[in-house]
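Scroll down for the structure; my scribbles are underneath it.
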Amino acid sequence: MSYMGKVTFNGSYQYIISVDNLLEAWQEFVRGKRKRRDVQEFERDLMTNILALHDDLMNKTYQHSPYHAFNISDPKPRNIHKAMNQFRAYAQKESRNHTKTVWVLKCDIRKFFASIDQNVLIEIINGYVSDTDIQWLIAQIVSSFHSIQKGKGLPLGNLTSQLLVNVYMNEFDQFVKHKLKAKYYIRYADDSVNLDSQKRLW
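The letter at position 201 of the sequence shown is residue 200 when you use numbering that gives the first Met the number 0, and the numbering goes up by one with no holes.
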């Protein structure tokens, strides 16, 4: 069940895959990356590659390139933890100033990116995107990656993943805010914090 008002995306697939838009997206992508070998190879014959990509998208023959997996010890940037700690410190300060106890519920979803259900994500997206061509493109991107099993996971670090996890978790946000009536709630990806004057929130 969705707790969010109906907001649909009315963009045009033809605009998204237009040569001008693909070129603009490329120029934005290469900022700070021009020394990378794959970037230099693509840019050597830029227009041919852009036109080929445009044709693949137009004819729906586009296939996402394979991913390269590697292990990382801490996938979350330190500034995220710093932001969460600042929020907790603020809560503690407010609690002292007003002589009231503030309870903090800090949550983290275990193996969040690896466990995202792609079918559920696509179903949520299709509720906001009416263009079937755009639905197809998003489904191609989402289903191109598998983690622990087929149909599960999003690649950590992808620009699209940053947007898609917020679409996915928005259902949870709306549930916490409107169903559970949480007054003070923040979330970044799979990290969330709830504040309340009562130890037993719900």
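The beta-carbon is built from N, C-alpha and C at its ideal position, and this holds for glycine as well.
Remember, predicted model here, so these are calculated numbers, not experimental data.
#1: Keeping to the same chain, check which residues put their C-beta closer than 6 Å to that of residue 185; ignore five residues upstream and five downstream.
#2: By alpha-carbon positions, which one of 53, 52, 188 ends up nearest to residue 112?
#3: Taking DSSP as the reference, what is the three-state secondary structure of residue 132?
#4: Using the C-alpha atoms, what's the distance from residue 45 back to residue 32?
#5: Compute the distance between the beta-carbons of residue 197 and residue 151, then report whether it is under 9 Å.
#6: Determine the extent of the alpha helix (DSSP H) in which residue 175 is found, giving its start and end residues.
#7: The alpha helix (DSSP H) spanning residue 54 covers which residue range?
#8: How should residue 65 be labelled, buried or exposed, when 16 other C-beta atoms within 10 angstroms of its C-beta is the threshold for buried?
#9: For residue 166, which option in 141, 181, 101, 145 has the closest C-alpha, if you only look at C-alpha atoms?
#10: Among 35, 28, 134, 18, which one has its Cα closest to the Cα of residue 47?
#11: Do residue 104 and residue 195 have their C-beta atoms within less than 9 Å of each other?
#12: For a quick check, are the C-beta atoms of residue 10 and residue 121 less than 9 Å apart?
#13: Can residue 137 and residue 147 be called in contact, C-beta distance under 9 Å?
#14: Could you give the first and the last residue of the continuous beta strand (DSSP E) run that contains residue 127?
From the atom records:
#1: Locating residue 185 in the sequence shown gives position 186, counting from the first residue. Taking C-beta separations shorter than 6 Å and ignoring five residues to either side along the sequence, the partners of residue 185 in its chain run 192, following chain order.
#2: Position 113 of the sequence shown, counted from the start, is the residue given in the question as residue 112. A check of alpha carbon separations from residue 112 across 53, 52, 188 identifies 188 as the nearest.
#3: Within the sequence shown, numbered from 1, the residue matching residue 132 stands at position 133. Collapsing the DSSP output to three states places residue 132 in a helix.
#4: Here the question's residue 32 lines up with position 33 in the sequence shown. Here the question's residue 45 lines up with position 46 in the sequence shown. Their backbone Cα atoms lie some 15 Å apart in a straight line.
#5: Here residue 197 corresponds to residue number 198 of the sequence shown, with the count starting at 1. Here residue 151 corresponds to residue number 152 of the sequence shown, with the count starting at 1. The answer is no: Cβ separation not under 9 Å.
#6: In the sequence shown, residue 175 corresponds to position 176, counting from 1. If you look at residue 175, you'll find it isn't in any alpha helix (DSSP H); DSSP assigns it neither H nor E.
#7: Locating residue 54 in the sequence shown gives position 55, counting from the first residue. 45-58 is the span of the alpha helix (DSSP H), which, as asked, contains residue 54.
#8: Your numbering for residue 65 matches position 66 in the sequence shown. Exposed is the call here.
#9: The residue you call residue 166 lines up with position 167 of the sequence shown. Among 141, 181, 101, 145, the Cα nearest to that of residue 166 belongs to 141.
#10: Translated into the one-based positions of the sequence shown, residue 47 becomes position 48. Nearest option by C-alpha distance: 18.
#11: As a first step, residue 104 is located in the sequence shown; it is residue number 105 there, counting from the start. As a first step, residue 195 is located in the sequence shown; it is residue number 196 there, counting from the start. Residue 104 places its beta carbon less than 9 Å from that of residue 195.
#12: In the sequence shown, counting from the first residue as 1, residue 10 sits at position 11. In the sequence shown, counting from the first residue as 1, residue 121 sits at position 122. The answer is no: Cβ separation not under 9 Å.
#13: Here residue 137 is taken as the residue at index 138 of the sequence shown, counted from 1. Here residue 147 is taken as the residue at index 148 of the sequence shown, counted from 1. In this structure, residue 147 does not lie closer than 9 Å to residue 137 by Cβ.
#14: If you number the sequence shown from 1, residue 127 lands on position 128. Unbroken run through residue 127: none, as it is neither H nor E.
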